[in-house]
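Asks: Sequential numbering from 992 applies to the sequence shown in the working numbering.
C-beta atoms are modelled at their ideal positions from N, C-alpha and C, and glycine is treated no differently.
Just so it is clear, the structure is predicted and the values come from calculations on it, not from any experiment.
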Amino acid sequence: MKFIPTQDAIVFAAYYCVVHLTPANIKNTVRMMKSYATRTKGRIRTGRVESLIMLGILSFGLPVSAMAQREAVNAPIAEPAAGALTAEVQQLRREGSAALFNIDYKTAQIRFEEIKRLQPSHPAGDLYLATIIWLEHLYKSRRLQAGLYKSDSSFYAGADKAKEDSEGDAVDPATDRAFRDRMAQAKTKALALVNRNKKDPDALYFLGAVYGVMAGYEATVARKFFGALRNGSRSTDAHEKVLKLDPNYYDAYMSVGMYDYIVGNLPFGYRALVAIAGVRGNKQRGINRLETIVEKETATADDVRVILLAIYQNEKLFDKTLATLQNLIGKYPRNYLLKLELASTLVTLARNDEAFRTFNELLNDQTAAPVRDLVHFKFAESLALNSDFRQAAEQFVAAAKSPTAEAGLATFARLRAAQALDLAGSRDEAIAQYKAVLDLPNVFDSQDQAKDGLKKPYQPSDKKID
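As structure tokens, this is what we get:
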């Protein structure tokens, strides 16, 4: 079935057009608006807005774990007929979520399998188990890093020319099948709960969570942005219904807060464009709503802290970024990915001695050995930001040569090493690295960049090295 442009799609297209300003995107946005205007005969209705989960991923690149659901104060011991979780299941969810934050997927799986056993007709167990499959795949493929999803990232290579029926990357069949099987079960159970009682906020919340996780997977794993948009839009719709039923269902404000921030952050001209479709946002209100979730320490508070990390960085509120990172690291000391973000933030604050000490500590930390390639890579990016291109190149090469090197990261490490060597004035060494990239699997636009590098020395204006 073809994707029919809606108000949601128009807003997404306008935003995407801003981020990736190409003639094709401008043309597609105009075409979508004309299509929508034709179908509605010029009538504009006020309704729900763009896919927030998808926009959050595109803007911030920080997938959330979908562990949310309001804590029930007097949840019954037996399996409830409604969408609420029992007290025992809520505790298992907290333990599983903490395990996820500590990158302990085995423990998380044990907890979530128990949830499925205790409440077999509830979508939570299957949804959480699917989330493990998604996040563990991102972890193994080194896609659990904020920098990958920045607007100038190679991650989006080819997206502006993609068509709905042919877009996306090939995904490991076993991983894809396992994820989609779990999600199909979760969706069936969530729909059953909603059909039983369409005014049950918990049931609607979980239905929205199912669509949200699917949107995240489609965007970050399959790179199917049309599919992500569709599912993200459905997620937003469900969570808006939750808030109409219960304005104090704070976890649902995560989507609303992200919407407010993203739309409010658009340039004035594009805010005017999307306002035609009845879409308005307020950046500060969005931040306030997200911070309220943190203040109330709801079930999604730590997920929201991760989202706020990206927002604070975008707003250059680095003191808040640092405080939030320190809070999360204190709770989840085994999460070395958070420590990597801490080191990168310290570089931004020009606290290089502390940052480089953190990188070196991680390189010598055996618990971080599984992602040593990523540590070398992030260290190299920080050195490049400080114009230490020779040492940056050495760290990029170390990332590519690491015994744990993920194939895609190794390719980009070679490419970044070549670019750093060009900036260091070592053209012959740079050429050798560019040629090495061409012998590796093409990842996003790595080979196109390598071919450009062979034609002429890399310049920062060509494409950001970080």
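Around the Cβ of Ala1383, are there at least 16 other Cβ atoms within 10 angstroms (buried) or fewer (exposed)?
Replies: buried
Asks: Please name the residue in Asn1188, Arg1187 and Leu1198 whose C-alpha comes closest to that of Ala1175.
Replies: Leu1198
Asks: Between Ala1090 and Asn1318, what straight-line distance do the alpha-carbon atoms span, to the nearest angstrom?
Replies: Rounded to whole angstroms, Ala1090 to Asn1318 spans 16 Å at the Cα level.
Asks: Identify the continuous alpha helix (DSSP H) that holds Thr1077 and give its terminal residues.
Replies: Careful: Thr1077 lies outside any alpha helix (DSSP H) and carries neither H nor E.
Asks: Tell me whether the beta-carbon of Val1185 lies closer than 7 Å to the beta-carbon of Ala1177.
Replies: no
Asks: Please report the distance separating the alpha-carbon of Arg1348 from that of Gly1218.
Replies: 42 Å
Asks: How close, in whole Å, do the beta carbons of Ala1421 and Gly1444 come, if the pair is a contact with beta carbons under 8 Å?
Replies: 7 Å
Asks: Rounded to whole angstroms, what's the CA-CA distance from His1011 to Ala1210? Just pull it up for me.
Replies: A caution first: His1011 carries a pLDDT of 38, below 50, which makes its placement in the model unreliable, though a value can still be read off. About 16 Å.
Asks: For His1128, which three-state DSSP category applies?
Replies: helix
Asks: Since Phe1350 and Ala1334 should fall inside the 8 Å C-beta cutoff, what is the C-beta to C-beta distance between them, to a whole number of angstroms?
Replies: 5 Å
Asks: Are the CB atoms of Val1362 and Thr1402 nearer to each other than 7 Å?
Replies: no
Asks: Between which two residues does the alpha helix (DSSP H) containing Ser1335 stretch?
Replies: In the DSSP assignment, Ser1335 falls within the unbroken alpha helix (DSSP H) covering Tyr1327 to Thr1339.
Asks: If you draw a straight line from the alpha carbon of Pro1067 to that of Ser1112, how long is it in whole angstroms?
Replies: At Pro1067, the pLDDT of 44 sits below 50, so the modelled position is not reliable and the matter cannot be decided from this model.
Asks: Just verifying my parser: in three-state terms, what is the DSSP assignment at Ile1101?
Replies: helix
Asks: Once you ignore the five residues that flank Gln1093 on each side, which residues in its own chain have a CB closer than 7 Å to its CB?
Replies: Here residue 1093 turns out to be Asn, not Gln, going by the sequence shown. Once the five neighbours on either side are set aside, the close Cβ partners of Asn1093 are Tyr1323, Arg1325 and Asn1326.
Asks: Can you tell me whether Asp1364 is buried or exposed, with buried defined as 16 or more other CB within 10 angstroms of its CB?
Replies: buried
Asks: Taking all protein chains shown into account, do 16 or more other C-beta atoms lie within 10 angstroms of the C-beta of Thr997, making it buried, or fewer, making it exposed?
Replies: Residue placement at Thr997 cannot be trusted, given a pLDDT of 41 that sits under 50; what the coordinates show is reported in the next sentence. Buried.
Asks: If we ignore side chains and look at the alpha-carbon of each, how far apart do Gln1424 and Glu1286 end up?
Replies: 49 Å
Asks: For Thr1312, I'd like the list of residues in its chain whose CB is within less than 7 Å of its CB, leaving aside the five on either flank, ordered along the chain.
Replies: For Thr1312, where only same-chain residues beyond five positions count, the Cβ hits under 7 Å are Leu1300, Tyr1303, Gln1304 and Thr1336.
Asks: Beta carbon of Glu1086, beta carbon of Arg1102: below 7 Å?
Replies: yes
Asks: Assuming Phe1368 and Ala1404 are in contact, meaning their beta carbons sit under 8 Å apart, how far apart are those beta carbons, in whole angstroms?
Replies: 6 Å
Asks: Measuring alpha carbon to alpha carbon, tell me which of Ala1389, Ile1278, Leu1412 and Ile1320 ends up nearest Tyr1250.
Replies: Ile1278
Asks: On a CA-only basis, which of Leu1331, Thr1358, Asn1343 and Asp1379 is nearest Val1366? Give me that one, please.
Replies: Leu1331
Asks: For Ala1427 and Phe1380, which I take to be in contact (beta-carbon distance under 8 Å), what is that distance rounded to the nearest angstrom?
Replies: Rounded, the Cβ-Cβ distance is 18 Å, inconsistent with contact.
Asks: Assign Gln1082 to buried or exposed, taking buried as 16 or more other Cβ atoms, counted over all protein chains shown, within 10 Å of its Cβ.
Replies: So Gln1082 counts as exposed.
Asks: Given this structure, state the Cα-to-Cα distance separating Gln1438 from Ala1121, to the nearest angstrom.
Replies: 33 Å
Asks: Give me the Cβ distance between Met1245 and Thr1291, rounded to the nearest whole Å; I'm assuming they're in contact under 8 Å.
Replies: 6 Å
Asks: Is the separation between the beta-carbon of Leu1281 and that of Val1297 shorter than 7 Å?
Replies: no
Asks: In whole angstroms, what is the alpha-carbon distance linking Thr1289 and Thr1358?
Replies: 30 Å
Asks: Could you check if Ala1314 is buried or exposed, using at least 16 other CB atoms within 10 Å of its CB as the buried criterion?
Replies: Exposed is the call here.
Asks: Is the beta carbon of Tyr1202 closer than 7 Å to that of Ser1226?
Replies: yes
Asks: Between the alpha carbons of Asp1228 and Gly1248, how many angstroms are there, rounded?
Replies: 14 Å
Asks: Alpha carbon to alpha carbon, how far is Glu1385 from Pro1164?
Replies: 36 Å
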